[in-house]
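K.L.:
Below are the structure tokens for one structure; questions will follow.
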Ligand SMILES: *[C@@H]1O[C@H](CO)[C@@H](O)[C@H](O)[C@H]1NC(C)=O
Ligand SMILES: [Cu+2]
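In UniProt numbering, the protein residues as written are 1 to 228.
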């Protein structure tokens, strides 16, 4: 058996995960799905593999039930149950809920998402924690941009598992959407705005990536981070 096959099989045996709780101002939510819309993988922990599926939006199993309050400029943490057990980038997006919409039921379709964070590869590239800072972490953090306008948002976390990404459709996306009311915001104009599905193509270099032999570069998919 080739080394790459052995590594892929070893990675397959690891647990999958789901992002089901927030950490707000250092305090972790007591129960799963308090402010995060319950995802379809709430039992299987499996990832989304089709970037053209509407599951790329929030992967949700039901409407939301609660909303967290976070000040602009604060750190928001997403808890992985039990940890981010696959290597790859972790990215964060936000979408503003229209004033007239109910945050629990609003469907974030169309060009509504802007990227607020990307925990991506640190050279030299490989498949370990030194390359992928989010790998094996229980909590991944993002800062809510200081200049984002106040209001209701969905905040989407996305961990892209690359251990089987050597062929098209092999990358696995672990994602969910938190419902967040942002206070103390600014007057920025977030962008560029992208859609899920739509922002990614199956052949994007950030989704089609072989770690054996190890490439020298990695570019995470999607737009640039909005710098507010
Ligand atoms: C996330 O933020 C918390 C503080 O809320 C900190 O203790 C933790 O180390 C951070 N995690 C990472 C992976 O940076
Ligand atoms: Cu997995």
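Ideal placement from N, C-alpha and C gives every residue a C-beta, glycine not left out.
1. Pull up the DSSP beta-bridge partners for residue 113, would you.
2. Pop quiz: residue 194 and residue 111 are said to be a contact at Cβ under 8 Å. What is the actual Cβ separation, rounded to whole angstroms?
3. Starting from residue 18, trace the beta strand (DSSP E) in both directions and tell me its first and last residue.
4. I'd like to check one pair, residue 17 with residue 127: are the Cβ atoms closer than 8 Å?
5. Taking the continuous beta strand (DSSP E) assigned at residue 173, which residues delimit it?
6. Taking the straight line between their C-alpha atoms, what separation do you get for residue 216 and residue 122?
7. Rounded to whole angstroms, what's the CA-CA distance from residue 79 to residue 54? Just pull it up for me.
8. For residue 133, which residues in the same chain have their Cβ closer than 8 Å to its Cβ, ignoring the five residues on either side in sequence?
9. Rounded to the nearest angstrom, what separates residue 60 and residue 124 at their Cα positions?
10. Where does residue 57 sit, in a helix, a strand or coil, going by DSSP?
11. Any chance you could list the alpha helix (DSSP H) runs of at least 4 consecutive residues sitting entirely within the region 123 to 172, in chain order?
12. Is residue 101 helix, strand or coil by DSSP?
13. Quick one: residues in its chain with C-beta nearer than 8 Å to the C-beta of residue 58, no 5 flanking neighbours on either side, listed in chain order?
14. Leaving out five residues before and five after residue 41 in sequence, what residues of the same chain have Cβ atoms less than 8 Å from its Cβ?
15. From residue 213 to residue 166, what distance separates their C-alpha atoms?
16. Is residue 206 near ligand 1, judged by its Cβ being under 7 Å from some heavy atom?
17. Do residue 67 and residue 180 have their beta-carbon atoms positioned less than 8 Å apart in this structure?
18. Confirm the yes/no value for this check: CB of residue 161, any heavy atom of ligand 2, distance under 7 Å.
19. Buried or exposed for residue 50, going by 16 or more other Cβ atoms inside 10 Å?
P.N.:
Result, derived from the coordinates:
1. Bridge partners of residue 113: 95 and 194.
2. Residue 194 to residue 111, Cβ: 6 Å. Contact.
3. Where residue 18 is concerned, the enclosing beta strand (DSSP E) stretches over 18 to 24.
4. No, they are not a contact pair.
5. Counting along the chain, the beta strand (DSSP E) containing residue 173 begins and ends at 172 to 183.
6. Each residue's alpha carbon lies about 11 Å from the other.
7. Residue 79 and residue 54 have their C-alpha atoms roughly 23 Å apart.
8. These residues qualify, in order along the chain: 119 and 122.
9. Rounded to the nearest angstrom, the two C-alpha atoms are 36 Å apart.
10. If DSSP states are grouped into helix, strand and coil, residue 57 belongs with the helices.
11. Taken in chain order, the region 123 to 172 contains no complete alpha helix (DSSP H) segment of 4 residues or longer.
12. In the three-state DSSP reduction, residue 101 falls in the coil class, being neither helix nor strand.
13. So the qualifying residues of the chain are 37, 39, 108, 154, 156, 175, 176 and 177.
14. Here the set comprises 16, 18, 47, 59 and 174.
15. Using only the alpha carbons, I get a separation of about 10 Å.
16. The answer is no for residue 206.
17. The answer is yes: Cβ separation under 8 Å.
18. Residue 161: yes, Cβ under 7 Å from ligand 2.
19. Burial is judged here by how many other beta carbons sit within 10 angstroms of a residue's own beta carbon; residue 50 has fewer than 16 and is exposed.
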